[in-house]
Every structure is written in structure tokens, then in C-alpha cells.
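Under the numbering used here, read the sequence shown as residues 302 to 547, first letter to last.
The block underneath contains the structure these notes are about, expressed in C-alpha cells.
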Amino acid sequence: MDSQFDELAALYEEMAEWPFRKHCEIPSVFNVLGDLSGLDVFDFGCGSGFYSRALRQRGAASVTGYDESEGMIAYARRREEKEQIGVSFIDTLDETTERRFDLLLSVYVLPYAPDFPSLLDMCGAMVSRLKPGGRLVALPIHPEYALPPSYYRHYGFQLSSDDQAPYEDGSAVTLHLCHPPYDEYVTAYYWSAQTLQETMAQQGLGTLQWHQPRATEEGVQLLGAPFWEAYQDRPHAVLLEGRKEG
């Protein structure tokens, strides 16, 4: 994570209302997470704190949100100070958060590891937060995302590969947030399903399951089935789930 996110906190909050997030991504995440009652949850790469607050509001016993971006974590802390939801926000990792959590959520964080050593370290930092048997749920770029840059424009963004080999591990991907009135660019990196599985396994995560995001019935009723067809066929992200061994 880096300074490219420092000025984007308010936009990320507003994006929660974009149809593909409100009626597909967010419900899909909470469907995989299931019952949060009594769980200690770590939101790794919490950004503006949207998911952290939602986790707490949906019954988690405790939620800790972590992000390196000064702008993001400052925004999250201001919201917590005002709303008093009961989320702790931190900007560094140390031994006090190791082997402590029942569940770790990491939304759109894995794509910001720019090389394999960084990916390995990131996965290790995630898994080490979990108790033995704890569960990890992450949302990386879909290993088979659609390559035409305009494919997702209907949903408010574009994805374009910056390399000749778009499905090559570590290849750069530009995310263009183009939902009016926004025009913002973020650089991410592609990782294959095999690499993500092998890296998580190397860091102690058990057999992974992959879950495709699905639009809710409400979303289909509101916007019509044709609106969702392209995204359901080739979603730009996928849910990855596994348990810590030991």
C-alpha cells in the first residue's frame, strides 16, 4: 500500500453505493463471512474503514482495522471518533496482533503487492494475525478478469493491463475509476490463482475455496438482469477463503 490512496478515502466511501458494490460485492463478502457473533476480526488493509464498521455493526465482538495509508487511516479514525462504533484502527503491525483473531478480511489488498517477495510477506502478515484454525477471506483481482479495458465501464471502472502478457504474475494493471464525476487512476498487480494458492499455503493457510460474487435478487430487480450479465460472466474480483493450519 502507498500514498496513491491517501486522497481517496471519501471516494472509497462513496463507492460503497455504486451498484456493483452495493448489490454484488458487499453482499457476497458478508455471505461468505457468515455469522460474526462473538468473533474477533482483523480488517487487513481497511482503507477508509467501511468494512471495519460494517463488521462491527453485523455483530463481531471486536474489530481491528489496519492500513498503511496515512490518509485512509486518518479518515477511518475521524469516523470512529464521531460515530463511536467500537472499531480500533492501527497503522502498524507488531506482535500484539499476532495469533489473536478468529477471522481476517482483506478486500482489494493482495493486488497491491508489486512483486513476489512482497506478496509472500503480505500473505505471511495476514496469516500470522490469525489464531490456529482462524479463517481468512480475501478479495483479489479475478485471475480470469476480462481483458478489454472497456468491459467494466458500465459498472463505473475500467481495468487495463500495462504489459504484453496480461495474465503474467506481477504484471501491472491500471484501475480507472470513471464513474461520473470521478476520474481517478490506481496501479495494481495481477496474481494467478496458482500463485495465490501456493503462497497462502506456504504461509500456513489450508486448502483454499474460491467464491464468485453474485448480484442479489434486489439488485437484479432494481437494475434488471441484463445490467448484471457481463459482470456475472467475468467479475473483476473473486473471493478467496481458507483456514490457518495448526
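All residues carry an ideal CB built from backbone N, CA and C; glycine is no exception.
Per DSSP, cross-strand counterpart(s) of residue i
{"i": "H512", "result": "L540"}
{"i": "D344", "result": "G366 and L406"}
{"i": "T475", "result": "S461 and T488"}
{"i": "S338", "result": "A361"}
{"i": "I391", "result": "Y367"}
{"i": "L312", "result": "Looking at the DSSP assignment, L312 forms no beta bridge with any residue, so it has no partner."}
{"i": "L506", "result": "K545"}
Whether residue i touches residue j by CB criterion (8 Å)
{"i": "L506", "j": "L437", "result": "yes"}
{"i": "S472", "j": "Y446", "result": "no"}
{"i": "Y483", "j": "F321", "result": "no"}
{"i": "G425", "j": "Q504", "result": "yes"}
{"i": "S462", "j": "L476", "result": "no"}
{"i": "T365", "j": "T398", "result": "yes"}
{"i": "Y367", "j": "L334", "result": "no"}
{"i": "R401", "j": "R430", "result": "yes"}
{"i": "P412", "j": "I442", "result": "yes"}
{"i": "P444", "j": "L460", "result": "no"}
{"i": "S613", "j": "A377", "result": "The requested residue 613 does not occur in the structure, where the chain is confined to residues 302 to 547."}
{"i": "F390", "j": "E384", "result": "no"}
{"i": "D464", "j": "G435", "result": "no"}
{"i": "Q440", "j": "Y486", "result": "Note that residue 440 is Leu in the sequence shown here, rather than Gln. Not a contact, by the Cβ cut-off of 8 Å."}
{"i": "Q358", "j": "I386", "result": "yes"}
{"i": "A516", "j": "W529", "result": "yes"}
Local Cβ density within 10 Å of residue i, reported as buried at 16 or more and exposed below that
{"i": "S353", "result": "buried"}
{"i": "G547", "result": "exposed"}
{"i": "S419", "result": "exposed"}
{"i": "K545", "result": "buried"}
{"i": "G346", "result": "buried"}
{"i": "F458", "result": "buried"}
{"i": "D341", "result": "buried"}
{"i": "F417", "result": "exposed"}
{"i": "T508", "result": "exposed"}
{"i": "P514", "result": "buried"}
{"i": "P536", "result": "buried"}
{"i": "D336", "result": "exposed"}
{"i": "G525", "result": "exposed"}
{"i": "D303", "result": "In this prediction, D303 scores a pLDDT of 48, lower than 50, which makes its location untrustworthy; the coordinate-derived value is nonetheless stated afterwards. Counting Cβ neighbours within 10 Å, D303 comes out exposed, since fewer than 16 surround it."}
{"i": "R534", "result": "A small correction: the amino acid at residue 534 is Asp; Arg does not occupy that position in the sequence shown. Its Cβ having fewer than 16 others within 10 Å, D534 is exposed."}
Exercise for the section: Jot down the residue ranges of each uninterrupted alpha helix (DSSP H) in the stretch 397-462, minimum 4 residues, whole runs only, in chain order. Expected result: For the stretch 397-462, the full-length alpha helix (DSSP H) segments reaching 4 residues or more read 417-430 along the chain.
Practice task
Determine contact between the stretch 517-531 and the stretch 317-331, defined as no fewer than three beta-carbon pairs at a distance below 8 Å.
Solution key: yes
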